[in-house]
Amino acid sequence: MEMNEKIEAALDSIRPYLEADGGNVRVVELTEDMVLRLELTGACSSCPMSTMTLKAGVEEAIKKAIPEIVKVEAINIAVV
12 MEMNEKIEAA LDSIRPYLEA DGGNVRVVEL TEDMVLRLEL TGACSSCPMS
62 TMTLKAGVEE AIKKAIPEIV KVEAINIAVV
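Counted the way the working numbering counts, the sequence shown spans residues 12 to 91.
This is the structure in structure tokens:
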């Protein structure tokens with residue numbers, strides 16, 4: 012299974028939760044140093060809890076499925 016397929020499979024495991032709140036997530040890129048950059052879409056892009064969702068939900072699911080990925084970051088949320 013290719014890296015992109017692994018990433019999508021991991022994201023698919025949490026997408027129902029994001030979609031239930033009117034949001035979703037899209038892969039932007041995987042950098043050479045194994046940082047996965049995502050874009051939160053729909054309601055997730057403007058939700059005040061999106062930083063927590065990214066860290067506790069998305070990043071945890073990705074790292075569990077693909078330990079090679081060292082960090083997950085969203086390109087479109089303000090980190091406070």
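Glycine residues also receive a C-beta, built at the ideal position from the N, C-alpha and C atoms.
Between Asn15 and the set Asn87, Ile80, Glu84, the nearest pair of CA atoms involves Ile80.
Annotated three-state conformation of Val36 is strand, per DSSP. Membership of Lys82 in the beta strand (DSSP E) is indicated by the continuous run 82-85. Shortest Cα-Cα distance from Val38 to any of Asp44, Ala31, Leu49, Ile77 involves Leu49.
Here Thr64 is buried, its C-beta having at least 16 other C-beta atoms within 10 Å.
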